[in-house]
Structures are given as structure tokens and as C-alpha cells.
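Novice: Take the sequence shown: its position 218, counting from 1, is numbered 218 in the UniProt record's numbering, and each next residue is one higher.
Here a beta-carbon is modelled for each residue, glycine too, at the ideal position from N, C-alpha and C.
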Amino acid sequence: MAKLQRRNVFVLGYDERHGPDLLQISDVDRVEFHPLLRSDEVVYQHNYVIDKKLDKARRILRSFSGSVDAIVCHWDFPATSMTAILCEEWGLPSPTLHAVLKCSHKYWSRIEQQKIVPENTPAFCALNPFDESAVASVTLDYPFWIKPIKGYGSMLGFRINGPRDLARALKIVRQKIRRIGDPFNTILIRVDLPPEVEGVDGNCMIAEELIHGHEIAPEGSVQRGRFHAHGMIDMVRDHNHKSFLRYEYPSRAPLAIQQRALEVAEKVLQQIGFDKGCFNMEFFWDKETDKLWIIEINPRISQSHCYQFEKVDGMSNHEIAVHVALGEQPHFQHGKGPYKHAAEFLLRHYSQEDGIVVRAPLDEELEQLKTLQPDTNVRVKVNKGQYLSSLVDQDAYSYVLAEIKVAGQTEHEMLAKYHQALGLLPFEIRPVEGGRKE
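Below, the structure is given as C-alpha cells:
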């Protein structure tokens, strides 16, 4: 019997932490995974030099002796854009760079949304933080929200209640936006921008009317024009609606609302010309008005959803990403996992001031939790003696100390496990006098 030829799949932004998720796909015996730059080379960088990273990736691909059958990624900028560029050069299935940027460039994305689903698109306007008349240029009524044209994890996102808030926020933005904005501009110059987007580059902001409600995120794929969703996540925020508390699966939103979100997502992705790729799109459902608002579009699966799909469905979302990248029809099963509910919790320290970590969980404390909860995964993101200001890509109102992934047969059991974990994972933060989160 002839030996089955394995397909070579390159993972842009590979890391050992997510490697086991890839190996859980149902036909892993016919796929060989290869790192294409490590995650610490393409995400959470203090300096992004996109062209050098692309050149290194090209050298790896050219030097490979076998066939290059697919490139996948599950990180945000710059990995999604780099993947689109490399796939085009190697003739591999992928959304076009043009389509990826219509998702990623928040102002451009809003313009496309407004064309096809104006009733689901909040009021918005562009804002240049380096313009001396920036405060006066905003066309929205207070309060509103501002965020970078390109960002992730709520970085540089601010609620603006009045001109003083805006002036204060823009001062911080001017200090920090170029870290992502400048390299994003090196991607933007690769495509022709429509007239209404020209001049709104990566160092600009978008102002949007305040929207709120039950936040959901359908995740899925588009292949040869066919739209398919494989799951709906609840994105639960804190009581101030500024920071995420957890990403929970399955969603508790009414099925009718989930269906409406899917219909809107399909229309928008068709408008954008998005094909041969995966997405997750975030929405607010306002229960009082029954309005459904688009928050943003991410042209990829989310690594923050892998655990939830594995524990509830018995498959990670890499099952979808890998087969779509290979140009194949994915087969995703539902409800075959060991649990009914799962979530990734973000343990936060709420402060706009800097602080120093004087106590973090010890190895033996993590082992104790593992003994009590074998299926709970914890990633501590700070070390004793670390200044919180050294953490990159945090939102404006808090710092993430740990990611805690928990599953249960009921939501009550899942939450009880999380609170037990909190009691076993002590953190202590000492404020830094005069330290500002800027």
C-alpha cells in the first residue's frame, strides 16, 4: 500500500504553547507542521520591521526541500497581513491582502460596513492625533470611544466624556501609536486605498459612538464564497464595560440574535470580498433597543478560543483553519468534548497607575491547582519584581496578570472552579509612587 503523502503546513508565529492544539486536528497523520517564525518574532514586539520578517520567512520557505502546501496563523498584526502576502507569492489559498486590510483597518472597515449594513454600523469619524485641531475636528457628540486605526487587545482605547478627556487621551496616543502605526503603514502602501480612506493611516484614530450590550463573537470561515460558522463566543466585560473578563463558550445569547449576527457577518464579508480564510467578528446586542452593532472584524481564528472548542466540541478551531488553508472542506463536530461550558478568564489588576509585582503564584501553588483541576490551564503573565508598565499591549484601564482557562458541566461549576483557582493563585501588586500608565 502506497505511503500517504503528508501535507506541509507552515505556522506563522508558531509557539510551543499552542503547538499541542495543532496536533489535535482529526487527520494530523497526513499533515506535517513547520514553524515559520516563532511567536516572539511576530507578536508583542517593541519594534516591528515587517520587510525583514517577510524576507526571513521567504528564506525559510525557499530553503524547504518539500512542497509548501499551506500557511496558517492565529495571531493578529502583523501575522495576518504577512500571511496574506506570503500566500499570494506562493500561490496558496488565502484571503487577499486587500480583504484582510478591509477587516483590519478600522476606519476602512467601518466604511465597508456602512455601505452594506448601515443599521448595524455605529456613527464614526477619523481623528488625527497629531493635528493641532484634533479635539475640535470630532463630529460626534460626547461621550464616545476612540481607538487606533490598527490595534488589538483594546490597546489605546479610551472612553471620552468631554474635551479634557480627549486632550489627555491624545497626549498618550501621540507617545505610543507609532509602535504599531508605522509598521502598519508599510503594509498599507502595498494596496490602492479608496479616496475616502487616503490620509487615514496607521497613526490615526477612529472615534465611534458608544455602543453596549451583550457581546458575542461568531467565528467561522468563507471558502469559494460559501460562508460557514463553527461557533459563537460570549465576550464578557467588567461592570465598567471597558475590559474583558472572559471569553465563554457556548454563547448564552438567544438563538435568534445569533442567527441575525451570522446574517450580518455574511453580508459584510461578501461586501469586503473576503474568501479562502477564517474570521471572527464581534457584535454588541443591545437588549433594550434590540439593536445589533458590529464592533470589529478579525481576519483569523482566535487563539483565545482554542481551549473552549476543545473542551466543549472535542476539536480546536485549528481544525477549521488548517483545512481552509489547504483548500479543503473542514469537518467540525459539535458537543463531542468532555464538558458543556468553557471559558478563558483574564485576571486583571485594575489601575491606571504603574505597579510592581511583589507576589506571584509559586510553582507549587500552580501544581496544587493542577492536582485539584487537571483540565484547568493557567498562564501567569507577570513575575515577581516586574513593573506592570513593562507589559505590552494592555488596555488603558487595567493590566492582565494571568490567563485562566476553565471548563465545567454547567456554567455554575465553571465559575466555581474559576473562583477556587483565584484563591490558590495569589498576586500582590504594590503601587509605584507617581507612576502613570502612559
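Buried or exposed: Pro129, going by 16 or more other Cβ atoms within 10 Å of its Cβ?
Specialist: Buried, because 16 or more other Cβ atoms sit within 10 Å of the Cβ of Pro129.
Novice: Apart from the five residues on each side of it in sequence, which residues of its chain come closer than 6 Å, Cβ to Cβ, to Asp238?
Specialist: The residues are Leu245.
Novice: Quick check on DSSP: helix, strand or coil for Ser304?
Specialist: Three-state result, Ser304: helix.
Novice: So, is Gly181 buried or exposed, given that buried needs 16 or more other C-beta atoms within 10 angstroms?
Specialist: Looking at its Cβ environment, which holds 16 or more other Cβ atoms inside 10 Å, Gly181 is buried.
Novice: Considering just the uninterrupted stretch of the beta strand (DSSP E) at Trp145, what are its terminal residues?
Specialist: Counting along the chain, the beta strand (DSSP E) containing Trp145 begins and ends at 144 to 148.
Novice: Going by other Cβ atoms of all chains shown within 10 Å of its Cβ, with 16 needed for buried, is Val392 buried or exposed?
Specialist: Looking at its Cβ environment, which holds fewer than 16 other Cβ atoms inside 10 Å, Val392 is exposed.
Novice: Under the assumption that Phe427 contacts Ala343 (Cβ atoms under 8 Å), give the Cβ distance between them as a whole number of angstroms.
Specialist: Not quite, the Cβ-Cβ distance comes to about 20 Å (not below 8 Å), so this is no contact.
Novice: The beta strand (DSSP E) that contains Lys405, what's its start and end?
Specialist: From DSSP, the beta strand (DSSP E) with Lys405 extends over 398 to 408.
Novice: When you compare the CB positions of Tyr399 and Leu415, do they come within less than 7 Å of one another, or not?
Specialist: No, they are not a contact pair.
Novice: Give the single residue among Arg17, Leu92, Glu88, Ala126 whose Cα lies nearest to the Cα of His105.
Specialist: The shortest C-alpha separation from His105 is found at Ala126.
Novice: Are the segment 200 to 214 and the segment 280 to 293 in contact at 8 Å, needing three or more beta carbon pairs?
Specialist: Cβ pair count under 8 Å is three or more, so yes.
Novice: Buried or exposed for Asp131, going by 16 or more other Cβ atoms inside 10 Å?
Specialist: It is exposed - the Cβ of Asp131 has fewer than 16 other Cβ atoms within 10 Å.
Novice: Which full runs of the alpha helix (DSSP H) of 4+ residues lie inside the segment 66 to 93, going along the chain?
Specialist: Segments of the alpha helix (DSSP H) lying fully in the segment 66 to 93: 79 to 90.
Novice: Going by the beta-carbon positions, is the gap between Glu248 and Val236 smaller than 7 Å?
Specialist: Yes.
Novice: Measure the C-alpha to C-alpha separation of His230 and Val9 and round it to an integer number of angstroms.
Specialist: So the alpha carbons of these two residues sit roughly 22 Å apart.
Novice: Quick one: is Ala70 buried, meaning 16 or more other Cβ sit within 10 Å of its Cβ, or exposed?
Specialist: Buried.
Novice: Below 8 Å on the Cβ atoms is my contact criterion, and I expect Met315 with Ser133 to pass it. Report the Cβ-Cβ distance as a whole number of Å.
Specialist: So it is not a contact: roughly 52 Å between Cβ atoms.
Novice: If we ignore side chains and look at the alpha-carbon of each, how far apart do Asn377 and Leu255 end up?
Specialist: About 30 Å.
Novice: Ser304: beta carbon under 6 Å from a heavy atom of the ligand COA?
Specialist: The model depicted lacks the ligand COA and carries no ligand whatsoever.
Novice: Alpha carbon to alpha carbon, how far is Trp90 from Asp286? Give it in angstroms, no decimals.
Specialist: About 44 Å.
Novice: Over the uninterrupted beta strand (DSSP E) stretch that includes residue 445, give me the two end residues.
Specialist: The structure shown has nothing for residue 445, since the chain only spans 1 to 438.
Novice: Answer with buried or exposed for Gly13, where buried requires no fewer than 16 other C-beta atoms within 10 angstroms of its C-beta.
Specialist: Burial call: buried.
Novice: Please identify the residue among Arg379, Leu37, Ala396, Ser94 whose C-alpha is closest to the C-alpha of Leu422.
Specialist: For Leu422, the nearest C-alpha among the options comes from Arg379.
Novice: From the DSSP output, in three-state form, read off Gly314 for me.
Specialist: If DSSP states are grouped into helix, strand and coil, Gly314 belongs with coil.
Novice: Quick check on residue 439: does DSSP put it in helix, strand or coil?
Specialist: For residue 439 there is no data in the structure shown, the boundaries of the chain being 1 and 438.
Novice: What runs of the beta strand (DSSP E), each 3 residues or longer, lie entirely inside the segment 312 to 375?
Specialist: Qualifying beta strand (DSSP E) stretches, in chain order: 341 to 350, 353 to 359.
Novice: Taking 7 Å as the cut-off, decide whether the C-beta atoms of Asn185 and Asp165 are in contact.
Specialist: No, Cβ-Cβ distance for Asn185 and Asp165 is not below 7 Å.
Novice: Could you give the first and the last residue of the continuous beta strand (DSSP E) run that contains Gln223?
Specialist: Counting along the chain, the beta strand (DSSP E) containing Gln223 begins and ends at 214 to 223.
Novice: Going by C-alpha to C-alpha distance, which of Gln368, His305, Val358 sits closest to His341?
Specialist: Here the closest residue by C-alpha is His305.
Novice: What does DSSP give as the partner residues of Pro431 in its beta bridges?
Specialist: The partner list for Pro431 (beta bridge, DSSP) reads Gly355.
Novice: Distance check for Leu424 and Asp363, CA to CA, integer angstroms please.
Specialist: Roughly 11 Å between the two C-alpha positions.
Novice: Specify the secondary structure class of Cys291 as computed by DSSP and reduced to three states.
Specialist: The question names Cys, but residue 291 is Lys in the sequence shown. It is a strand residue.
Novice: Can you look up residue 467 in the DSSP assignment and give me helix, strand or coil?
Specialist: Residue 467 is absent from the model: the chain starts at 1 and stops at 438.
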